[in-house]
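Encoded as C-alpha cells, the structure appears first; notes follow it.
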Amino acid sequence: MDVQGILGLWWTLPTGLALVGYACSLAGLTRPQRAVWVMARVVEVHPPGHGESGEHAIPVTIAYQDPATGREFRLRHENKRGDRVQVAWVGQEFPVRFPRRRPEQFYLMLDSEGRTSGVGIPNCMVFLLVLGLVVQSFFVWGWQWGLICVGGLLLLVVALSRDGESTRARAAQLAAGVTVQGRVVAVTRDVCTDGEGTESISHASVVAFTTHEGVEVTALCTQGIRDIAESLGRDVPLRYAPADPSLLTADPDHERRERASNIKFVVFLLLTGIATIGVGGYCLHHP
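Mind the numbering: the sequence shown is residues 4 to 290 in my numbering, read in order.
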C-alpha cells in the first residue's frame with residue numbers, strides 16, 4: 004500500500020478509539036464508572052490573601068465518608084485534583100470521586116452531570132472523525148459537497164450545543180435573585196510569561212458577603228468590578244440566586260451583554276450553516 008492509501012485510512016484511528024471507549028462505557032469499565040462517587044461538604048474555606056496567587060481559586064477543606072469502611076476523611080483541595088472552586092461557603096456540597104480502596108485520592112467535581120459514564124474521550128474522537136470527514140469531502144467529492152458538509156457540521160454544532168440552555172437557566176435564576184452588599188477582602192495577583200519572555204499580570208478580587216439566610220460566602224471575581232487591581236476594601240453590590248449562592252454576578256449588565264453575545268454567535272452559526280448548504284447545493288446543480 005502506498006502513502007496515499009495509508010493516509011486514506013486515517014479515519015480508522017479515531018473510529019477505533021471511539022468504539023473502544025463506548026464499549027468500555029457499556030461494560031462499566033471506564034475510570035469514572037469504576038470509581039466511588041460520594042457527596043462531600045465544605046468544612047473550611049481558605050481564601051487567598053492579598054497579593055497571593057489566585058491560581059487555585061478558593062482552596063477548601065472537604066469532608067466525606069468512604070462507604071466501604073465508614074471512615075470520614077477531611078482533606079484540603081487546592082485545584083490539585085478536580086475542578087477549581089470559584090465560590091465557597093461552609094456547608095456547601097460537591098460530588099467527589101475516588102478509586103476503590105483509595106479514598107484519599109479524591110477528585111472534586113463541581114457537578115456530576117454527564118461525567119459519570121466516561122464517554123468524554125470517545126465523544127471527542129467522534130467529533131475529530133466528523134471534522135476529518137468534512138475536510139476529506141473537499142478532496143474526494145469536490146468543493147461543492149465540501150461546502151454542504153461544512154454547513155451540516157455547523158448545524159450539528161448548533162443542535163448539540165447546550166450553552167443556550169445553561170445561559171437561559173442562569174439568567175432566570177439571577178433574575179429571581181437578591182442583591183446584597185459584598186466587600187473585597189483581597190486581590191490576587193498572577194504573573195504569566197509567554198514564549199517570548201513577555202510578562203502579563205492578571206488580578207482577581209476575593210469578595211466576601213453574607214446571604215439573607217446568614218451564610219458567609221467567599222467568591223473569586225474576575226469580571227464586573229472596575230479597577231480590580233485597586234479594589235481592596237471596596238464595597239460592591241452582588242446579585243446571587245438564593246437557591247444556589249454560587250450563581251452570582253457583580254455586574255448584571257455584563258451578564259446581559261454576554262447572554263446577547265452568545266445568542267448572536269449561535270444565530271451566526273445557524274445562518275452560516277444554512278447559507279453554506281445553500282451555496283453548495285446551488286453550485287452542485289449549476290456548475
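Note that CB positions come from ideal geometry on N, CA and C, so glycine has one too. Keep in mind the model is a prediction, meaning the values are calculated, not measured.
If we count the other Cβ atoms within 10 Å of its Cβ and call it buried at 16 or more, is Gln-292 buried or exposed? Outside the shown range of the chain, which is 4 to 290, sits residue 292, and nothing can be said about it.
Host alpha helix (DSSP H) of Arg-237 (start-end): Within the sequence shown, residue 237 is the residue found at index 234, counting from 1. It is not in any alpha helix (DSSP H) - Arg-237 carries neither H nor E in the DSSP assignment.
Shorter than 8 Å from the beta carbon of Gly-85 to some beta carbon of chain C? Protein chain content of the structure displayed is limited to a single chain, and chain C is not contained in it.
Which residues DSSP lists as bridging Ala-244, in chain order: Residue 244 sits at position 241 when you count from the first residue of the sequence shown. Answer is Asp-247, bridged to Ala-244.
Cα-Cα separation between Gly-57 and Met-112, rounded to whole angstroms: Taking the first residue of the sequence shown as 1, we reach residue 57 at position 54. Taking the first residue of the sequence shown as 1, we reach residue 112 at position 109. Between Gly-57 and Met-112, the C-alpha separation is close to 19 Å.
Which residue or residues does DSSP assign as beta-bridge partners of Gly-185? On the sequence shown, position 182 is the one that residue 185 refers to. Per DSSP, Val-239.
Quick one: is Met-42 buried, meaning 16 or more other Cβ sit within 10 Å of its Cβ, or exposed? Here residue 42 refers to the residue found at position 39 when the sequence shown is read from its first residue. Label assigned to Met-42: exposed.
Whose C-beta lies closer than 8 Å to the C-beta of Gly-94 among residues of the same chain, with five residues either side of it excluded? Against the sequence shown, residue 94 aligns to sequence position 91. Closer than 8 Å at the Cβ level, and outside the excluded window around Gly-94, lie Arg-44, Val-45 and Val-218.
Who are the Cβ neighbours of Leu-156 in its own chain at under 6 Å, not counting the five residues just before and after it? Indexing the sequence shown from 1 puts residue 156 at position 153. Around Leu-156: Val-137.
If we ignore side chains and look at the alpha-carbon of each, how far apart do Glu-202 and Leu-223 end up? In the sequence shown, counting from the first residue as 1, residue 202 sits at position 199. In the sequence shown, counting from the first residue as 1, residue 223 sits at position 220. If I take the Cα positions, the gap works out to 22 Å.
Return the bridge partner residues of Trp-40 from the DSSP annotation. Taking the sequence shown and counting its residues from 1, the one referred to as residue 40 is at position 37. Trp-40 is bridged to Arg-100.
Mind checking Leu-150: buried by the 16 CB within 10 Å criterion, or exposed? As a working note, residue 150 is residue 147 in the sequence shown. Classification for Leu-150: buried.
Taking the alpha-carbon positions, what's the Pro-17 to Pro-125 distance? Locating residue 17 in the sequence shown gives position 14, where the first residue counts as 1. Locating residue 125 in the sequence shown gives position 122, where the first residue counts as 1. Using only the alpha carbons, I get a separation of about 8 Å.
Curious, which full-length beta strand (DSSP E) runs of at least 3 residues does the segment 41-72 contain? 63-68
For the beta strand (DSSP E) containing Ile-204, name the first residue and the last one. As a position in the sequence shown, residue 204 is number 201, starting the count at 1. Run containing Ile-204: 202-213, per the beta strand (DSSP E) assignment.
Exposed unless 16 or more other CB atoms sit within 10 angstroms - verdict on Gln-147: For the purposes of this step, residue 147 is taken as the residue at position 144 of the sequence shown. Gln-147 comes out buried.
Please state whether DSSP places Val-84 in a helix, a strand or coil. If you number the sequence shown from 1, residue 84 lands on position 81. It should be pointed out that residue 84 corresponds to Arg in this sequence rather than to Val. The answer is coil: DSSP assigns Arg-84 none of H, G, I, E or B.
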